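Using the working numbering, you'd call the opening residue of the sequence shown number 17 and step up by one each time.
Comments concern the structure below.
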Amino acid sequence: MKILVCISHVPDTTSKINFAENDTKFDTNGVQFVINPFDEFCLTRAMWFKEKQGASVTVVNVGGAETEPTLRKALAIGADNAIRVNVNPTDGFQVAKELAEVVKNGEYDLVLAGKESADYNGQMVPGMLAALTDFNFINGCVGIEVEGNNVTASREIDGGAETLSSSLPLVIGGQKGVVEEKDLRIPNMRGIMMARKKPLQVVETIGGEESTSIQSFEKPAPKGAVKLVDADNVDELISLLHNEAKVI
17 MKILVCISHV PDTTSKINFA ENDTKFDTNG VQFVINPFDE FCLTRAMWFK
67 EKQGASVTVV NVGGAETEPT LRKALAIGAD NAIRVNVNPT DGFQVAKELA
117 EVVKNGEYDL VLAGKESADY NGQMVPGMLA ALTDFNFING CVGIEVEGNN
167 VTASREIDGG AETLSSSLPL VIGGQKGVVE EKDLRIPNMR GIMMARKKPL
217 QVVETIGGEE STSIQSFEKP APKGAVKLVD ADNVDELISL LHNEAKVI
């Protein structure tokens with residue numbers, strides 16, 4: 017089984033986010049980038065398939081040379097090889113088209129991708145990738161087992177979970193539950209050294225036009241001051257909730 021894991025290069029959630037050029041561009045100065053958490057769950061699941069079923073695992077990213085350390089970390093975790101599509105990602109459809117070309121050229125059986133990236137939260141790429149490749153698709157996946165060409169997967173639905181059967185080839189939009197946080201792997205020194213020798217192929221863009229463009233960014237409004245009310249002053253609390261907070 018050939019597995020392709022899509023890796024997004026995203027800011028660490030603890031990073032302080034700022035914007036430049038009149039709030040039209042994300043300021044990367046001082047920002048630490050990591051593997052998208054949803055993608056990391058998928059990568060860990062792919063490693064299980066590699067170890068238990070002998071699958072080969074390739075990781076892919078659409079981005080510039082600055083994303084290669086993130087791909088190298090994925091290689092250090094245990095992926096066999098990596099591909100970087102040499103273009104700056106601008107929107108979800110562009111990324112999906114670039115990934116679709118990689119999928120078609122690599123003849124992959126299973127494509128694992130986080131259901132969304134932690135920076136833009138678009139939840140677009142896995143579904144569009146499945147449509148472009150004519151693969152089956154399961155989103156919000158929290159469990160997956162593969163036996164031969166048959167797949168059993170579970171995904172979250174409103175108020176519960178749903179178990180589905182499918183066949184390969186398949187695109188999975190995964191999240192926590194595919195594996196748990198305790199199962200995520202930290203690269204050890206041996207893995208880091210081996211990652212330096214593993215192939216990282218750079219392929220050029222197919223040149224697809226972007227369908228959307230970012231006009232501006234805006235930070236959430238800062239939290240207001242907290243007002244403390246004595247426990248025995250119910251009338252004041254009701255007045256604040258009614259007149260200021262306007263929740264009653």
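Ideal Cβ positions, reconstructed from N, Cα and C, are used throughout, including at glycine.
The structure presented is a predicted model; accordingly, all values stated were derived computationally and were not measured.
Query raised in the report: When burial is assigned at 16 or more other CB atoms within 10 Å of the CB, is residue 267 buried or exposed?
Result: No answer is possible for residue 267: it lies beyond the span of the chain, which begins at 17 and ends at 264.
Query raised in the report: Any idea which residues DSSP pairs residue 217 with across the strands?
Result: Sequence index remark: in the sequence shown, residue 217 carries index 201 (1-based). Per DSSP, 99.
Query raised in the report: Is it buried or exposed for residue 132, if we count other Cβ within 10 angstroms and need 16 for buried?
Result: In the sequence shown, counting from the first residue as 1, residue 132 sits at position 116. A residue is called buried when at least 16 other Cβ atoms come within 10 angstroms of its Cβ; residue 132 meets this threshold and is buried.
Query raised in the report: Within the chosen definition, does the region 91-99 reach the region 203-213 through at least 3 CB pairs nearer than 8 angstroms?
Result: yes
Requested in this report: My understanding is that residue 57 touches residue 195, with C-beta atoms under 8 angstroms, so please give their C-beta distance in whole angstroms.
Outcome: Position 41 of the sequence shown, counting from 1, holds the residue named residue 57. Position 179 of the sequence shown, counting from 1, holds the residue named residue 195. The pair is a contact, with the Cβ atoms about 5 angstroms apart (cut-off 8 angstroms).
Query raised in the report: What whole-angstrom Cβ distance do residue 186 and residue 167 have, given they're in contact under 8 angstroms?
Result: Counting from 1 along the sequence shown, the entry for residue 186 is found at position 170. Counting from 1 along the sequence shown, the entry for residue 167 is found at position 151. The pair is a contact, with the Cβ atoms about 6 angstroms apart (cut-off 8 angstroms).
Requested in this report: Quick one: residues in its chain with C-beta nearer than 8 angstroms to the C-beta of residue 46, no 5 flanking neighbours on either side, listed in chain order?
Outcome: In the sequence shown, the residue the question calls residue 46 occupies position 30. Here the set comprises 31, 32.
Query - residue 117 - containing alpha helix (DSSP H), residue span - result: Residue 117 sits at position 101 when you count from the first residue of the sequence shown. From DSSP, the alpha helix (DSSP H) with residue 117 extends over 108-122.
Query raised in the report: Would you call residue 81 buried or exposed, if buried means 16 or more other Cβ atoms sit within 10 Å of its Cβ?
Result: Here the question's residue 81 lines up with position 65 in the sequence shown. Residue 81 should be labelled exposed.
Report task. Just mark residue 261 as buried or exposed, buried being the case when its beta carbon has 16 or more other beta carbons within 10 Å. Result -> For this step, residue 261 is matched to residue 245 along the sequence shown. Exposed, since its Cβ has fewer than 16 Cβ neighbours within 10 Å.
Query raised in the report: Among residues of its own chain, excluding the 5 on either side of residue 151, which ones have a beta-carbon nearer than 8 angstroms to its beta-carbon?
Result: To locate residue 151, count along the sequence shown from 1; it is residue 135. Contacts found: 119, 127, 145, 185, 186, 187.
Report task. Quickly, what does DSSP pair residue 81 with across the bridge? List them, please. Result -> Walking along the sequence shown from the start, residue 81 turns up at place 65. Note: residue 81 sits in no beta bridge, so no partner.
Report task. Could you tell me how far apart the beta carbons of residue 219 and residue 99 are, in whole angstroms, since I believe they sit closer than 8 angstroms? Result -> The residue given as residue 219 occupies position 203 in the sequence shown. The residue given as residue 99 occupies position 83 in the sequence shown. Right, the Cβ-Cβ distance comes to about 6 angstroms (below 8 angstroms), so this counts as a contact.
**Report entry** Inter-stretch contact (C-beta, 8 angstroms, three-pair minimum) for the region 69-81 and the region 17-26
**Finding:** yes
Query raised in the report: Is the beta carbon of residue 169 sitting closer than 8 angstroms to the one on residue 154?
Result: Counted from its first residue, the sequence shown places residue 169 at position 153. Counted from its first residue, the sequence shown places residue 154 at position 138. Yes, these two residues count as a Cβ contact at 8 angstroms.
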